[in-house]
Amino acid sequence: MLEEYAKKRDFKMTSEPPADGEENRSDTPVFVVQRHDATSLHYDFRLEMDGVLKSWAVPKEPPKSAGTRRLAIETEDHPLGYADFEGEIPEGQYGAGKVEIWDRGTFELLKRNEKEIVVTLHGEKLEGEYVLIKTKYGKEDRGWLFFKKKAD
């Protein structure tokens, strides 16, 4: 699962966590949003699923309120240890730039299939029901629509 992650990194050069196939951390899965100031500033949204962090790059700040929709581009899975990663990825390395934790917390998985993921996030900035819907956008159809649901 983490082959693509490992292939893109030289762990002698970067302080990013190695791809060591950890198991779930606890009964309550975690999410993290990392502000990544790389070639272009974006946010990496990650959900703990299947023993890894499923990951999406979000070009603009994630939505804090209903009605705001964001593009989210699916990226390679990351190891669970990445949920705690902050630091500088060195020049010449994949994703070079500064990584800071923007938000983190736990989540409940409400729905998951090939085309839709629905979660309730319990973070400091992101709180409530969020949806990812797969689109045909981008290379290899890796585009998703990411938004907060209106409260019932």
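Going by this note's numbering, the first residue of the sequence shown is number 3, and it counts up by one from there. Glycine included, every Cβ here is placed at the ideal spot set by N, Cα and C.
Where does residue i sit, in a helix, a strand or coil, going by DSSP?
i    : result
Y7   : helix
G83  : helix
D29  : coil
E142 : helix
Y96  : coil
E78  : strand
D12  : coil
D22  : coil
Cβ atoms of residue j and residue i: under 8 angstroms apart, would you say?
i    : j    : result
R37  : F148 : no
G99  : A8   : no
G140 : L123 : no
T16  : P81  : no
T30  : S57  : no
D22  : L55  : no
L112 : V120 : yes
In terms of alpha-carbon separation, which member of the options lies closest to residue i?
i    : options               : result
E118 : E78, K138, V101, A153 : K138
K151 : R114, G69, V34        : G69
E102 : H44, M15, D143, E6    : H44
G145 : Q95, D154, L134       : L134
S42  : E63, S57, F13         : E63
G94  : E5, R11, M3, L4       : R11
L4   : V34, F47, G53, S67    : G53
E126 : V35, P20, E18, K14    : V35
P19  : K66, G89, M51         : G89
F87  : A153, R48, V60, S67   : R48
G97  : D46, A153, D154       : D46
With residue i and residue j assumed to form a contact (beta carbons below 8 angstroms), what rounded beta-carbon distance in angstroms separates them?
i    : j    : result
A74  : V32  : With a Cβ gap of about 18 angstroms, A74 and V32 do not count as contacting.
K136 : E116 : 7 angstroms
Between which two residues does the beta strand (DSSP E) carrying residue i extend?
i    : result
K100 : 99-114
A153 : First-last for A153: undefined, no H or E at that position.
D1   : Any answer about residue 1 is impossible in this case: the structure gives the chain only from 3 up to 154.
G89  : 89-91
L55  : 54-60
G125 : 118-125
L134 : 129-136
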